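Undergrad:
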Amino acid sequence: MLEKDSRLLEESFKKFYFEHFDLIHTPKNPEMREFGYQKLNSGMNRHISLKSDKELHLLLMTQIPSDVYCSNARYSFPSLPMAEKDWQDAELIFDIDAKDLNLPCRALHTCKKCTKCGNVFANSDQCNQCNGIKFETTSVLCTECINAAKNEVKKLTTVLTMDLGIKKENITVYFSGNEGFHVYVSNSNYEKLDSRQRADLVDYVMLKGAMPETFGAKYNFAKSQFADIDDRGWLGRVSKQIFGSKSNKSKLSRELISEGYQAFKKRLETVQTEIGVRVDPNVTIDVHRIFRLGGTINSKSGLAKTLCKDPAKFNPGQDACFIDDDKVTVTANCPVEFRLKSKKFGPYHNEQLTMPKYAAVYMISKGCATVT
Amino acid sequence: MLKLGTEDIAKYPFLTEAGNYLKEKGFTLEQFDKDEDLRPIIELAVSRVKTAAEGKIFNSDFNIKTLDIEVFSFLVAVILLKQSNMSTLIKRFSLAEARRAEKFLEKDLADMTNKVNEELAIKIIKDLFAMEIQKTDDYFVIPVPDYLKHSIHFHEQEWKLVNRLVDNGSVFLSAHETVRLIRKELDNFISTKIRSINIPVVPDSFKKHIVDLVTLAKKFTVQFVETTEYPPCIKHAMDVLSKGENLPHSGRFMLATYLLNKGQTIEEIAPLFKNAPDYNERVTLYQLKHLAGNFGSGTKYSCPSCEKLRSENLCFAIPECDNIINPLQFGRKKIPNA
Chain A
202 MLEKDSRLLE ESFKKFYFEH FDLIHTPKNP EMREFGYQKL NSGMNRHISL KSDKELHLLL
262 MTQIPSDVYC SNARYSFPSL PMAEKDWQDA ELIFDIDAKD LNLPCRALHT CKKCTKCGNV
322 FANSDQCNQC NGIKFETTSV LCTECINAAK NEVKKLTTVL TMDLGIKKEN ITVYFSGNEG
382 FHVYVSNSNY EKLDSRQRAD LVDYVMLKGA MPETFGAKYN FAKSQFADID DRGWLGRVSK
442 QIFGSKSNKS KLSRELISEG YQAFKKRLET VQTEIGVRVD PNVTIDVHRI FRLGGTINSK
502 SGLAKTLCKD PAKFNPGQDA CFIDDDKVTV TANCPVEFRL KSKKFGPYHN EQLTMPKYAA
562 VYMISKGCAT VT
Chain B
6 MLKLGTEDIA KYPFLTEAGN YLKEKGFTLE QFDKDEDLRP IIELAVSRVK TAAEGKIFNS
66 DFNIKTLDIE VFSFLVAVIL LKQSNMSTLI KRFSLAEARR AEKFLEKDLA DMTNKVNEEL
126 AIKIIKDLFA MEIQKTDDYF VIPVPDYLKH SIHFHEQEWK LVNRLVDNGS VFLSAHETVR
186 LIRKELDNFI STKIRSINIP VVPDSFKKHI VDLVTLAKKF TVQFVETTEY PPCIKHAMDV
246 LSKGENLPHS GRFMLATYLL NKGQTIEEIA PLFKNAPDYN ERVTLYQLKH LAGNFGSGTK
306 YSCPSCEKLR SENLCFAIPE CDNIINPLQF GRKKIPNA
C-alpha cells in the first residue's frame, strides 16, 4: 500500500479509536487471552498479554493498528510461545462468510486486481490492460449476500439453542467488519472441547456426514421408515425439507422407496446443501486462533467488527461504518457499485473524485482507490 | 467406592475392588508355588490370555463355586502379561476383556427387572469415564460434550454426532450404544492398569508361562509393505497447484505435512507451490520450515487425518483408500507372519 494511502487510513483509524473506546472492550478474563495486532504494510505481532480495557486502549493509541485480534482460548500463560501457553478452554466460535455462500450476485460485486500491473477489473478472467491471468479478488458489500449470511446466522442459532442446548443469552453475534458474521458461544459446557471434538460438532451444525440410515433408510430399503416432521433435531428438519408437510409423507415415502437407496443418499446430500448451516469449519476447529476483536476496525474494509443486538435488522453499510464524512480526493478504479451510509458509490473507471472519507477509506482498503 | 458382590467383581475384575477382594480372601502370590490346588487358576489365566490373543472373548462360568477362580484368573493373567511385557498381547487382552465387560454392562443397563444392576452399570461408567448418564424412557441420555469426548475415537460414520438423535444439549443412545461408546476407554483403562501394576516377587510357577507368552506374542508381529503411489487427496492438491489454481491454506498444509512426513526435504517440496497465484518464495520456505519443526517450539506437524480432510472438502477417497484414517497410511499393506 502506498504511503499516502496508509497515512490516510492510519489517521482515520486513530480518530475512530479515540472517539469509540466505548465500543472496544477486552473479553471476559482478559489476563488469560492472547492478543495480537497488525499495522499497515507490516507483519503480525502476537502472543501479547493485556490485562484491562485501559491497556488495550493504550495499545490502540500508541500503535494505531490496522487490525486487532484476541484469542477465544484462555491460557495460563498467554504471552508464552504456543506450546507453553497451557491451554485451558475456549469459547465456541462460528464464522459465516458471505463469500462462501457463492450467490449468483457475487460476480456483480467482485473485482479483480491484476498481480502484474495492478489494474482493477471485473467480469473477466484476464486483465484488460496487460492480459495477465493472475489476480487477487476483492468484493464489496451486497445486501443480498448479507441477507443470505443473516439467514445462516438464524439457522445456526436454531441448531445451537434447540439441539445443542445453548441458552440464547450466551450467544453473541458480531458483524465481521467485511462480509460476514462471527457467532460466539460463551458460558457453555462446550468450552473444554478440543479441536477434534469441535470438528465433529461443526459437522453436526453443517449436517455433514449424515447417513441415510439415520433418517430411516433400512438395509432392505423397501422397509425404510423415514423420520417424521415433528422428530427432534436434524431428523425433523430433514424430514420437513423432504416431505414439506405431514400429509405428503406417505405418498412421497413410497416415491423415495421406489427410487432406491442411492437416490435417497443423493437427495440427502442435496438437503445438506439446502438446510445445513454454512459455516467455515476451520475457524471453529482451530482452538489456538486469534480473532478480530469486537469493536475494532477491519482493514480489509475500514468498517468495524460490530456487535449485532438484532442481526435481522443489522445494516453493515450503516451500522458498522464509523469513519467521518470529511471530503477526500482520490483516484478510483472500482468497476463495481456499493452502498455505504445509504449512499450509492461507483462504478468508477480511473476517475479522480472528491468523496466522503468513509467511502474513500473503504475503496482504498479494498485496493480500488488511491489518494490523489 | 462401589459396593460389589462377588458376581459383580467377576464381571468387572479390573475394578480396584477386585484387588481388595483378593486381599480380603487372604491370598498372596507366594501361595501359588506351594499350593497345588491353585494351579487351575494359572491354567485359566493362561487360557484367558490365549483366547484374547485369538481375538475371542473369554467365556465366563458363573457357577458360584468358580467365581473366586474367575476373579483370580484375571489378576494372574495381568501379572503374566506385565512380566511378559509383550505389547501385542497386552493390547489384545485389554480389548477382549473390555468387550467381555461391555457385554455385562449392556446386560445390566438394559435389565428392566433389576434396578440395582442398572445403577451399578451407570455408576461404573460415571466413575471410570466421567460420563454423565441419565435414563429417560428407553434412552440413555448423555450430554453432547461427554458424548463427543468418547465418540471421536470411532472412525465409523454412524458415531458422528450428525447421525445421532440430539436434542437440548443431549445425545440419546440405546444401552448397547452407551456401552460401545466407552469400549476404547475401557480397553485403555485395562491396559494402563496392566502396565502400571507393581509386582514385587513373581512365583516360580509363573515363569514357564511367561516364556510361553513371549513365544506366543511373536506369532502376532506384522510387517508392512508400502506402495510409492500418492493418495487421491495429495494427487488432487498437486493437480490444483500444477494448474496454477488456488489451493486453500488447509490443502497446502495437508500437502506439505504429508510430503515432509514421507521424508521429502523442504527444498524438494517448495517448488510445488511455485504456480500458486500468491506464491512468495520467502513465505513458502518460512512456512515449510515451520511445519518441519525447524524453529519456534520445534513442533513437527503431522499430516491431518482423513476425517479432518473430509470436513475441509479435501478428501477424494477411492476404493484403494480402504478405510485408512490418515493419508500417510495409503498403500500400506500388512504381511502377517506365517
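Listed in order, the protein sequences are those of chains A and B. The first sequence begins at 202 in the numbering used here and counts up one residue at a time. The second sequence begins at 6 in the numbering used here and counts up one residue at a time. Glycine included, C-beta positions come from ideal geometry on N, C-alpha and C. Quick caveat: nothing in here was measured; it's all calculated off a predicted structure.
1. Exposed or buried, what is Tyr420(A) when buried is set at 16 or more other beta-carbons lying within 10 Å of its beta-carbon?
2. Taking DSSP as the reference, what is the three-state secondary structure of Val206(B)?
3. Here's the rule I'm using: 16 or more other beta-carbon atoms within 10 Å means buried, otherwise exposed. How should Ile129(B) be labelled?
4. How would you call Ser566(A), buried or exposed, if buried means at least 16 neighbouring beta carbons within 10 angstroms?
5. Anyone know if the C-beta pair for Met407(A) and Gly477(A) falls short of 7 Å?
6. For Tyr462(A), go through chain B and note every residue whose CB falls closer than 9 Å to its CB, in chain order.
7. Put Val572(A) into one of helix, strand or coil per three-state DSSP.
8. To which residues of the same chain is Ser175(B) closer than 7 Å at the C-beta, ignoring the five residues directly before and after it?
9. Using C-beta distances below 6 Å, list every residue in its chain close to Gln152(B), excluding the 5 sequence neighbours before and after it, in chain order.
10. For the beta strand (DSSP E) holding Tyr276(A), just list the boundary residues, first then last.
11. Any Cβ of chain B within less than 7 Å of the Cβ of Asp404(A)?
12. Short of 7 Å in beta carbon distance, which residues of its chain neighbour Ala297(B), apart from the five on each side in sequence? Order them along the chain.
13. Taking its Cβ as the centre, do 16 or more other Cβ atoms sit within 10 Å of Ile367(A), making it buried, or is it exposed?
14. Under 8 Å between beta-carbons, which chain A residues line up against Gln162(B)? List them in chain order, please.
15. May I ask you to report which of helix, strand or coil DSSP gives Lys567(A)?
16. Return the CA-CA distance between Ala343(B) and Thr220(B), expressed in angstroms with no decimal places.
17. What is the rounded straight-line gap between the Cα of Ile347(A) and the Cα of Glu380(A)?
18. Going by alpha carbons, who is nearest to Pro12(B) out of Ile74(B), Tyr291(B), Gln36(B) and Leu49(B)?
19. Using a Cβ-Cβ cutoff of 9 Å, what residues of the region 237-258 of chain B are near chain A? List them in chain order.
20. Where in the region 75-158 of chain B do unbroken runs of the alpha helix (DSSP H), each at least 4 residues long, occur, reported from the N-terminal end onward?
21. Is there a Cβ from chain A that is less than 7 Å from the Cβ of Asn168(B)?
22. Pull up the DSSP beta-bridge partners for Val529(A), would you.
23. To the nearest angstrom, report how far apart Leu402(A) and Ser210(B) are at their CA atoms.
24. Which residue from Lys393(A), Met363(A) and Lys355(A) puts its Cα closest to that of Tyr375(A)?
25. Name the chain A residues whose beta carbon is nearer than 8 Å to that of Pro150(B)?
26. Taking 7 Å as the threshold (beta carbon to beta carbon), is Leu210(A) in contact with chain B?
27. Under 6 Å Cβ to Cβ from Phe134(B), same chain only, skipping five residues before and after it: list those, please.
28. Flag this pair as yes or no: are the beta carbons of Ile330(B) and His160(B) separated by less than 7 Å?
29. Could you check which residue in Ala106(B), Glu273(B) and Arg53(B) has the C-alpha nearest to that of Leu125(B)?
30. When the distance is taken between beta carbons, is Asp172(B) closer than 7 Å to Gly434(A)?
31. Go ahead and pull the three-state DSSP assignment for Cys343(A).
32. Could you please give the first and the last residue of the uninterrupted beta strand (DSSP E) stretch that includes Val478(A)?
33. I think Phe222(A) touches Phe523(A), with their Cβ atoms under 8 Å apart; what is that distance to the nearest whole Å?
34. With a threshold of 8 Å, are at least 3 pairs of Cβ atoms found where one atom belongs to the region 253-273 of chain A and the other to the region 225-242 of chain A?
35. Contact between the region 277-287 of chain A and the region 295-302 of chain A is defined here as three or more beta-carbon pairs at a separation below 8 Å; is this criterion met?
36. In the DSSP assignment, what are the bridge partners of Met245(A)?
TA: Let me spell this out:
1. Exposed is the call here.
2. If DSSP states are grouped into helix, strand and coil, Val206(B) belongs with coil.
3. When all chains shown are included, Ile129(B) counts as buried.
4. By the neighbour-count criterion, in which a residue is buried when 16 or more other Cβ atoms sit within 10 angstroms of its Cβ, Ser566(A) is buried.
5. In terms of Cβ geometry, Met407(A) and Gly477(A) form a close pair [threshold 7 Å].
6. Proximity of chain B to Tyr462(A) at the Cβ level (cut-off 9 Å) is not reached, the minimal Cβ distance being about 15 Å.
7. The three-state reading of DSSP puts Val572(A) in strand, counting E and B together.
8. Only residues of its own chain outside the window of five on either side were considered, and among them Val146, Ile147, Pro148 and Val149 have a CB closer than 7 Å to the CB of Ser175(B), listed in chain order.
9. Reading off the sequence, residue 152(B) comes out as Tyr, not Gln. Result list for Tyr152(B): Val176, in chain order.
10. Bounds of the beta strand (DSSP E) holding Tyr276(A) are Ala274 to Tyr276.
11. Output row for Asp404(A): interface = yes.
12. Non-local C-beta neighbours of Ala297(B) in its own chain, meaning closer than 7 Å and more than five positions away in sequence, comprise Leu265, Ile271 and Lys305, ordered along the chain.
13. Buried, because 16 or more other Cβ atoms sit within 10 Å of the Cβ of Ile367(A).
14. Chain order gives the chain A residues near Gln162(B) as Gly410 and Met412, where near means a beta carbon separation below 8 Å.
15. DSSP places Lys567(A) in coil when its eight states are reduced to three.
16. Only weak support is given to the placement of Ala343(B): the predicted model assigns it a pLDDT of 43, under 50, and the value that follows is read from those uncertain coordinates. Going by the C-alpha atoms only, they are around 14 Å apart.
17. Each residue's Cα considered, the two are about 7 Å apart.
18. The displayed chain sequence assigns Glu, not Pro, to residue 12(B). Checking every option, the nearest Cα to that of Glu12(B) belongs to Ile74(B).
19. Under the 9 Å Cβ criterion, the region 237-258 of chain B contributes Gly249, Pro253, His254 and Ser255.
20. Taking only runs of at least 4 residues, the alpha helix (DSSP H) segments lying wholly in the region 75-158 of chain B are 92-115, 120-134 and 149-156.
21. Yes - at least one Cβ of chain A is within 7 Å of the one on Asn168(B).
22. Checking the DSSP bridge columns, you'll see Val529(A) partnered with Met556(A).
23. Here the C-alpha atom of Leu402(A) lies approximately 53 Å from the C-alpha atom of Ser210(B).
24. Here the closest residue by C-alpha is Lys355(A).
25. Chain A residues near Pro150(B): Asn390, Tyr391, Lys393, Leu394 and Gln398.
26. No, Leu210(A) lies away from the interface with chain B (no Cβ there is under 7 Å from its Cβ).
27. Counting only Cβ-Cβ distances below 6 Å, and skipping sequence neighbours, we find Ile187 and Glu190.
28. Yes, the Cβ-Cβ distance between Ile330(B) and His160(B) is below 7 Å.
29. Among Ala106(B), Glu273(B) and Arg53(B), the Cα nearest to that of Leu125(B) is on Ala106(B).
30. Yes, these two residues count as a Cβ contact at 7 Å.
31. Looking at Cys343(A) - three-state DSSP - the assignment turns out to be coil, as it is neither helix nor strand.
32. Counting along the chain, Val478(A) falls outside any beta strand (DSSP E), and DSSP gives it neither H nor E.
33. The pair is not a contact, with the Cβ atoms about 12 Å apart (cut-off 8 Å).
34. The region 253-273 of chain A vs the region 225-242 of chain A: in contact.
35. Output reads no: the region 295-302 of chain A does not touch the region 277-287 of chain A.
36. Per DSSP, Gln239(A).
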